[in-house]
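*Asks:*
There are 2 protein chains.
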Amino acid sequence: MPELRQDPLSGRWVIIAENRAARPDQLATTSDVSVEECPFCPGHEGLTPETSAVYPSRSTTQSWKVRVVPNKYPAVEMNASGDRGEAAIGIHEVIIESPSHVASLSDISGDEARLTFIAYRDRLRNLRQDSRLAYGLVFKNARVEGGATLEHTHSQLIATSNVPADIQFELAKAGEHRMLHGSCAFCDLIDGEVDGDRHVLETDSFAVFCAFGSRFPYEMWVLPKEHCESFESTRDSELVELADLMQKLIRGLEDTLDSPAYNYWIRNAPFRLSSHDDYHWRIELTPRMTRLAGFELGTGCFINPVSPEQAAAQLRSVFA
Amino acid sequence: MPELRQDPLSGRWVIIAENRAARPDQLATTSDVSVEECPFCPGHEGLTPETSAVYPSRSTTQSWKVRVVPNKYPAVEMNASGDRGEAAIGIHEVIIESPSHVASLSDISGDEARLTFIAYRDRLRNLRQDSRLAYGLVFKNARVEGGATLEHTHSQLIATSNVPADIQFELAKAGEHRMLHGSCAFCDLIDGEVDGDRHVLETDSFAVFCAFGSRFPYEMWVLPKEHCESFESTRDSELVELADLMQKLIRGLEDTLDSPAYNYWIRNAPFRLSSHDDYHWRIELTPRMTRLAGFELGTGCFINPVSPEQAAAQLRSVFA
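Chains as they are written, first to last, in our numbering: chain A, 11 to 330; chain B, 11 to 330.
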């Protein structure tokens, strides 16, 4: 049964999830599941737990484009019970982004990518109905160095009964900013970055820039230009624009950097914001070309060998 | 010029060090420096910057066992100047642990390992004399997955003009504990762990256990049993015991887990503690068999598939 623990002195949080040690590639360095055995490929639907959702919504076992299933090795469970720590209560789902056995969001059709982003929103909308759940993180691990244990392109959603400490920290900061300036910290951030030297590109609804404190080379942040607290309130038309944009950004990284492993995740508001809380969702997208090593683990401070200004200049030319 | 930046909203710290992009393996996935070109092998002393210290202390270019040199691609520099962030002022050194081109602390002689730990202490003692430096982190990255860009066994020391936020957090926690209980939080932690189900082993001067909030499978903490704030105050006889212990622990991990990549680092007190500060140094040693991926990067919370209790039981049998 997964357990949530906080180290009493460092304040670090960890989920102890022993059932995950049984995963295909866990505690090993490379993924070794062959295409023939891939549980995410069509015809192998029986290898995954029962489908939570399927897109298009009336599709059959033969015709799905995106499938959502419970993770077979969940990091959190609704019936978890804490033995030495707190129970790590939650839901852990996998979003299979396409029937095609390909490694990246950039390799699937535009339709599949759009349905993937619609699935993200719909699953968050669904899970927030459960009063036991407080937060939902959508994330994607692509390729081995990005933490993917199965190659077939997929994302994950972990909803938990607690709000992660990092999100609480940002909420507090955004609240302070609102009190001091009467405005949203993230809206102000976008205003400061648009046309600046960390700017990458803009679409009708979204701004993309390399963050001032980028932890990784070529890390990009994608924010809705109009103030929007929760990813769940994103409209269909915006999700289409976002899916297209994400495919474009990932293709740009892959062309420029020799198809690196990458991660993205949605920094989203908690499911229930109190009246004084303030947030503005964003996606953080980063290739994984540097390793977290002793210095990062020993201090919490990252070393990034490519400045966001240099990365943005290079990326602007890629997307020009 | 390296720059220290804090993201205004997430509070995350990063050092932007563009000169490090020139490192042999930076922004690539494997190390490709051949033994013939290894700058840490004897006879190649001219390939590294001028020696900062050498052990045994009177050894010649031909007879050194441990050499300390400035890092050729430093993450921090004494003459750094901040352009957009703070200047990342500091010293970045490499401790070459042996003339032998081997990959692990476990592969070198007992003498070389002891001199390595003496070098750690002596370099910290030396650098703390500089009033511009506030903190020194000694760390080791072994093998590619552990972040080593050169195979030849070595450690690093990064001394900075600021105290990392993680250390400040622990200092505050330890201060609180002292105020509430009148005792050292770490001494009390050792008392609680000795003979408990996370206990691994004990020597005359050191206790080893798997931490309650272990972020990684088989993560071990090594603490001096007698209260001791700074690693710099460790005596020669204790350093000999510690070097022997670290070699034993690493050999145990390598035998049990098929020679994994690993890291260790010394969580040390800042160079200058104020009268109300309280600390107790420790070493954190961890094999690197899981990857930090989207969930960890998106929430700051780690997922560990092996409970510290299970890891400790297995490790006790290895060291029995």
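Heads up, the beta-carbon is just placed ideally off N, CA and C, and yes, glycines get one too.
These numbers were taken from a predicted model, which means no experiment stands behind them.
In chain A, what lies closer than 8 Å to I25(B) by C-beta?
*Replies:* Residues of chain A passing the Cβ test: C311, F312, I313, N314.
*Asks:* As an exercise, report each continuous beta strand (DSSP E) stretch of at least 3 residues that is fully enclosed by the stretch 126–160 of chain B, in chain order.
*Replies:* Entirely contained in the stretch 126–160 of chain B, the beta strand (DSSP E) runs reaching 3 residues are, in chain order, 145–152.
*Asks:* Could you work out which residue in T126(B), S215(B), T61(B) is closest to R292(B) when comparing CA atoms only?
*Replies:* Taking only the C-alpha atoms, the option nearest R292(B) is S215(B).
*Asks:* If you measure from the beta carbon of T296(B) to each beta carbon in chain A, is any gap under 9 Å?
*Replies:* Chain A contact via Cβ: present.
*Asks:* In whole angstroms, what separates the C-alpha of R30(A) from that of I313(A)?
*Replies:* The alpha-carbon atoms of R30(A) and I313(A) are separated by roughly 30 Å.
*Asks:* Note the first and the last residue of the continuous beta strand (DSSP E) segment covering L181(B).
*Replies:* Element bounds for L181(B): not the beta strand (DSSP E) but the alpha helix (DSSP H), 175–191.
*Asks:* Identify, in the order they occur along the chain, each residue of the same chain with its Cβ nearer than 6 Å to the Cβ of V328(B), setting aside the five sequence neighbours on each side.
*Replies:* Result list for V328(B): G262, T266, in chain order.
*Asks:* Tell me which residue opens and which closes the alpha helix (DSSP H) that V328(B) is part of.
*Replies:* Per DSSP, V328(B) belongs to the alpha helix (DSSP H) from 318–329.
*Asks:* Report yes or no: is there a C-beta of chain A within less than 9 Å of the C-beta of S20(B)?
*Replies:* At least one chain A Cβ lies under 9 Å of S20(B).
*Asks:* Should R208(A) be listed as close to the ligand HEM, given that the test is whether its C-beta is under 8 Å from any heavy atom?
*Replies:* Among the components of this structure there are no ligands whatsoever, and the ligand HEM is therefore not found.
*Asks:* I260(A) to R131(A), Cα distance in whole Å?
*Replies:* About 20 Å.
*Asks:* Say whether the stretch 14–31 of chain B touches the stretch 200–220 of chain B, bearing in mind that this needs 3 or more beta-carbon pairs closer than 8 Å, one atom from each stretch.
*Replies:* At 8 Å Cβ cutoff, the stretches do not touch.
*Asks:* Throw me the rounded Cβ distance for the R153(B) and A123(B) pair, which I believe falls under 8 Å.
*Replies:* Not confirmed; about 17 Å, so no contact.
*Asks:* Report the three-state DSSP secondary structure of G53(B) (helix, strand or coil).
*Replies:* DSSP places G53(B) in coil when its eight states are reduced to three.
*Asks:* In chain A, which residues lie less than 9 Å from Q324(B) when you measure between Cβ atoms?
*Replies:* Neighbours of Q324(B) on chain A: none; closest Cβ ~12 Å, over 9 Å.
*Asks:* Please classify V24(B): does DSSP put it in a helix, a strand, or coil?
*Replies:* Residue state, collapsed to three classes: strand.
*Asks:* Of all the CB atoms in chain B, is at least one closer than 9 Å to the CB of F281(A)?
*Replies:* Answer no: the Cβ-Cβ gap between F281(A) and chain B never drops below 9 Å.
*Asks:* State the DSSP-derived secondary structure class of E72(B), mapped to helix, strand or coil.
*Replies:* What sits at residue 72(B) in the sequence shown is Gln, not Glu. Correct three-state label for Q72(B): coil.
*Asks:* Alpha carbons only, please: which of W74(A), N172(A), G192(A) is nearest the one belonging to A144(A)?
*Replies:* Cα-wise, what sits closest to A144(A) is N172(A).
*Asks:* What does D288(B) reach in chain A if we use C-beta pairs closer than 9 Å?
*Replies:* Simply none; closest approach about 11 Å.
*Asks:* How far does the beta strand (DSSP E) with S165(B) in it reach, from first residue to last?
*Replies:* First-last of the beta strand (DSSP E) with S165(B): 164–170.
*Asks:* Could you list which residues in chain A have their beta carbon closer than 9 Å to that of S116(B), in chain order?
*Replies:* Within chain A, no residue comes near S116(B); the closest Cβ sits about 16 Å away, beyond 9 Å.
*Asks:* In three-state DSSP terms, what is I99(B)?
*Replies:* Looking at I99(B) - three-state DSSP - the assignment turns out to be coil, as it is neither helix nor strand.
*Asks:* Given that D17(B) touches chain A, what residues does it touch there, using C-beta distances under 8 Å?
*Replies:* Chain A residues near D17(B): A221, F222, G223.
*Asks:* Measure the C-alpha to C-alpha separation of P280(A) and G310(B) and round it to an integer number of angstroms.
*Replies:* One C-alpha to the other measures close to 15 Å.
*Asks:* DSSP beta-bridge partners for A300(A)?
*Replies:* For the sequence presented, residue 300(A) should be read as Thr rather than Ala. According to DSSP, which records beta bridges pairwise, T300(A) is partnered with nothing at all.
*Asks:* Classify V148(A) as buried or exposed, calling it buried when 16 or more other Cβ atoms lie within 10 Å of its own Cβ.
*Replies:* Per the 10 Å Cβ criterion, buried.
*Asks:* For my contact list, D117(B) and S110(B) are in at a C-beta cut-off of 8 Å; report their separation, rounded to the angstrom.
*Replies:* Their Cβ separation, rounded to whole angstroms, is 7 Å, which keeps D117(B) and S110(B) in contact under 8 Å.
*Asks:* Any beta carbon from chain A within less than 9 Å of F50(B)'s own beta carbon?
*Replies:* It does not: the Cβ of F50(B) has no partner Cβ on chain A nearer than 9 Å.
*Asks:* Tell me, please, which residues DSSP counts as bridged to M230(B).
*Replies:* M230(B) is bridged to L295(B).
*Asks:* Return yes when the Cβ of C220(A) is within less than 9 Å of the Cβ of H290(A), no when it is not.
*Replies:* Cβ distance not < 9 Å, so H290(A) and C220(A) don't count as in contact.
*Asks:* On the DSSP bridge list, what partners appear for N273(A)?
*Replies:* For N273(A), which the question treats as bridged, DSSP gives the partners N151(A), T296(A).
*Asks:* Nearest CA to the CA of P66(A): which residue from W74(A), E60(A), P59(A)?
*Replies:* Closest by alpha carbon: W74(A).
*Asks:* From the DSSP output, in three-state form, read off E239(B) for me.
*Replies:* Coil, per DSSP.
*Asks:* Should T40(B) be labelled buried (16 or more other beta-carbon atoms within 10 Å of its own) or exposed?
*Replies:* With a pLDDT of 48 at T40(B), under the threshold of 50, the modelled position of this residue cannot be trusted; read the value that follows with caution. Classification for T40(B): exposed.
*Asks:* Any C-beta of chain B within less than 7 Å: which residues of the stretch 132–156 of chain A qualify?
*Replies:* Within the stretch 132–156 of chain A, the qualifying residues are L147, F149, K150, N151, E155, G156.
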